[in-house]
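Step one of this worksheet: look at the structure below.
Protein chains in written order, with the numbering used here: chain E, 7 to 157; chain H, 300 to 657; chain X, 233 to 605.
Here it is, written out as structure tokens:
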């Protein structure tokens, strides 16, 4: 599917999507509540068939915590990037996609561990790398602990 | 020509002439015990060294080569190290059973040595049920392994011990049936008589193909009995870290280690005695001169040479084969070895009955 | 709540839990499997990681791009060159510069050499996992030749940090081509020994056939890439999907098998070694002349977000850079192959014996620092 068709499809699903900044892949900024629906459609639509989630990560930006999904298809050569911006840093919430891609379960756990983003309906949302008692989320920009020193 | 019987008898008669029967018996027993223990320790260390050298050769390595010429004192240095090492006590282990287990294992293998004929007359006791005795004693070792696994209070140990239990119970059958074939041929369970029956040819040659099948099965089952690779599931390093002896350290670990090598020697010795003619020299039919030359080599050399060959075979497949899985191990025994063995035994009985063996 | 040793429910069901790791001979690093067993049968399995988490992503945010190259060596230390290359490519794409053909060729040669070295080490360790101890020495014997080539050119054997944004740290050693050609002829002779020692062995076949079967759907679902994914028929070779460096110039086959069991994952890796030798042969004689380093004033990625996919010895490595235009990234994320390859193990090992778990985790070829980062 060409980029234009993808844009039309996604706009029809989520009218308030915005194009993202990336020039490498077609990128869409989706509202958090629409993400799961769009992802599900793109996975199940026989014309898109986005069955391979090759990256799920987050970053801490000025406009809030971004969750970035890189999707591609094993049948078609198209790739798409979704971005969900969560402005609420106290209690960031987004629906899980682990029911669509099993691999996302652990990628989401990693994001939860390091960014504190909660994934709704996640089957097993625990810290992955750090201790369960760890305070704070290390990959946030405002994270402070005694091991970090400023140069 | 090289008969040890007069030598042994002269010692016995000397003791009996000079001492009361009680003291004579006691002193001969002490002499025998010390002899066997010394032999056990030296041979065990030598076998460890041999295994390390052989496996090094197979793996493009040098093996031990620093302590002494060619590294021959390496295992002695290792033994000293193990003697000096701390014995770790496990807090929740059953201390009595935990401490007794290595001794059960090692005592079982020491006792088995007593019945092995090294040369004519060089045998501690020539029991009339020698084969049965060795079978019975050598399978006692597994009790020590089970106790060790259970008493260590470690799950790896328990799994290892249970595997070992299942393994020995199964393979004991094959060992027994394979031995039974030769007992049928020779018509005796006494080692000296079995050897005497091979004066005109070893059973592996005289017994046609059934004897060879029995020999191969005995080698496989014997390797499994001693918990050596590819049947080393009880201590499967990559799954159970060290299996039943995970929690042992120092000299107690060394006991398990030595016992493994000595059990290998016992299996090799039994195979030598029953199939390869024990201490008898190699004779070729009607080659008088050759046979006379062979006779000059002392029987002790023949015995140890043949045993070393069998041990080398066992080491060879330990270092080239991957390990079996527990269900495959049991399937191999119950589905393949046991039926083949039973058929083979019937065949051997038939051959013996018809006197078709040479 | 995690089940503990005192979980009495388990005792009633005759189940018990074993912790394999963090120190265990066959986890190849500090990984812990919480294995629930019934007898020897695995009821469920949970991987626990984080024992060697060093926060490479956090650290990299304070380092410049040429500096953070050195941290990538420490992720999948067996494909260090490929990790370096991924970051270098990502930064070069961001800056809109292109390196000379000479650099591309040398990068690809180094990448293929480290792929062979990595598969060799995997072969050693896989044999060990199955109890065949001799394989270890055969594999290491041949790996030594590759490490010698690396040492001569880059000055180090494991964590080379040779490929850097803009080119290479230095030009290759004059012996480079000669020694690679020697290695190709040498290894072509030695590789059949691998088959003789392990592949044809009946016990080995019995241990691996039909064990840990992963369907293509599961592989895609979990994102299992690399030889493990290709063993299930998942065509995921980034060298084919999105060619980079000198891969557009060479002819090679992507090896895929459809069985998806431990044995097919094994065969894929053995065949990949042959294929890598072919790639090396095509490249080694044709290294063009040219500069090995671009004249860059400063290595700064313009504001934006960049993603680069490369194929390491274990699968797809993705580098995701978020830049604010400074000399260091605002956020750098590594999508590492082992992370995705690890978590499928619960699905593969369930219902098998504990000995099969070792075989399966060996066939997935896990490098733990790559999972934990």
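For every residue, glycine included, the Cβ atom is placed at its ideal position computed from N, Cα and C.
Check                                                                                                                                                                                    : Outcome
Going by Cα to Cα distance, which pick from 420(H), 439(H) and 534(H) is closest to residue 363(X)?                                                                                      : 534(H)
Could you work out which residues of chain X lie near residue 135(E), taking near to mean beta carbons separated by less than 8 Å?                                                       : 281, 282, 285 and 604
How many Å lie between residue 86(E) and residue 554(X) at the Cα?                                                                                                                       : 17 Å
Tell me, please, whether the CB atom of residue 539(X) is closer than 8 Å to any CB atom in chain E?                                                                                     : yes
Could you tell me whether the Cβ atoms of residue 209(X) and residue 372(X) are closer together than 8 Å?                                                                                : Coverage of chain X is limited to positions 233 through 605, which leaves residue 209(X) absent and any answer about it impossible.
Select from 510(X), 290(X) and 583(X) the residue whose C-alpha is nearest the C-alpha of residue 150(E).                                                                                : 290(X)
Taking Cβ positions, are residue 267(X) and residue 250(X) nearer each other than 8 Å?                                                                                                   : yes
Taking DSSP as the reference, what is the three-state secondary structure of residue 582(H)?                                                                                             : coil
On the premise that residue 99(E) lies in contact with residue 116(E), defined as a C-beta separation below 8 Å, what is that separation, rounded to the nearest angstrom?               : So it is not a contact: roughly 17 Å between Cβ atoms.
Can you tell me whether DSSP reads residue 333(X) as helix, strand or coil?                                                                                                              : helix
Rounded to a whole number of angstroms, what is the C-alpha to C-alpha distance between residue 415(H) and residue 470(H)?                                                               : 21 Å
Run the CB neighbour count on residue 305(X), radius 10 Å, all protein chains shown included, and call it buried at 16 or more, exposed below.                                           : buried
What is the DSSP secondary structure of residue 441(H), counted as helix, strand or coil?                                                                                                : helix
Just to confirm the assignment, what range does the beta strand (DSSP E) spanning residue 251(X) have?                                                                                   : 248-252
Take residue 665(H) and list the residues in its own chain whose beta-carbon comes closer than 7 Å to its own, dropping the five residues that flank it on each side.                    : Any question about residue 665(H) goes unanswered here, given that chain H covers just 300 to 657.
Between residue 363(H) and chain X, is there a C-beta pair that is closer than 8 Å?                                                                                                      : no
What number of angstroms, rounded off, separates the C-alpha of residue 390(H) from the C-alpha of residue 531(X)?                                                                       : 59 Å
Since residue 523(H) and residue 574(H) should fall inside the 8 Å C-beta cutoff, what is the C-beta to C-beta distance between them, to a whole number of angstroms?                    : At roughly 18 Å, the Cβ-Cβ gap does not stay under 8 Å, so residue 523(H) and residue 574(H) are not in contact.
Are any of the Cβ atoms in chain X nearer than 8 Å to that of residue 612(H)?                                                                                                            : no
Determine the burial state of residue 237(X): buried for a count of at least 16 other Cβ atoms within 10 Å of its Cβ, exposed for fewer.                                                 : Legend: pLDDT at residue 237(X) = 48, less than 50; position of this residue unreliable, value from coordinates given subsequently. With fewer than 16 Cβ atoms within 10 Å of its Cβ, residue 237(X) is classed as exposed.
Quick one: Cα of residue 653(H) to Cα of residue 507(H), how far?                                                                                                                        : 13 Å
Does any residue of chain H have a CB that is nearer than 8 Å to the CB of residue 478(X)?                                                                                               : no
Ordered along the chain, which non-local residues of its own chain (more than five positions away) have a Cβ less than 7 Å from that of residue 152(E)?                                  : none
Out of 106(E), 76(E) and 113(E), state which residue places its alpha-carbon closest to the alpha-carbon of residue 47(E).                                                               : 106(E)
By Cβ distance, which residues of its chain are closer than 8 Å to residue 448(X), with the 5 residues on each side in sequence left out?                                                : 464, 465, 466, 490 and 492
Looking only at its own chain, which residues have a Cβ that is under 7 Å from the Cβ of residue 477(H), when we skip the five neighbours before and after it?                           : 513, 516, 517, 520 and 640
Can you find the residues in the same chain that come closer than 7 Å, C-beta to C-beta, to residue 452(X), ignoring five residues on each side of it along the sequence?                : 466
Does DSSP classify residue 115(E) as helix, strand or coil?                                                                                                                              : helix
For residue 460(X), would you say it is in contact with chain E, using Cβ-to-Cβ distances shorter than 8 Å as the test?                                                                  : no
I want to see whether chain H comes within less than 8 Å of residue 264(X), judged by CB atoms only; does it?                                                                            : no
Label residue 603(H) either buried or exposed according to how many other C-beta atoms from any shown protein chain fall within 10 Å of its C-beta, with 16 as the threshold for buried. : buried
Using the beta-carbon of each residue, which ones in chain E are nearer than 8 Å to residue 455(X)?                                                                                      : 58, 59, 60, 107 and 109
Judging by CA-CA distance, which residue of 535(X), 508(X), 478(X) and 559(X) is the nearest neighbour of residue 350(X)?                                                                : 508(X)
Please name the residue in 69(E), 30(E) and 134(E) whose C-alpha comes closest to that of residue 118(E).                                                                                : 134(E)
Taking the runs of the alpha helix (DSSP H) that are 4 residues or longer, which of them lie wholly in the segment 27-111 of chain E?                                                    : 38-50
Determine, using beta carbons only, whether residue 560(X) comes closer than 8 Å to chain H.                                                                                             : no
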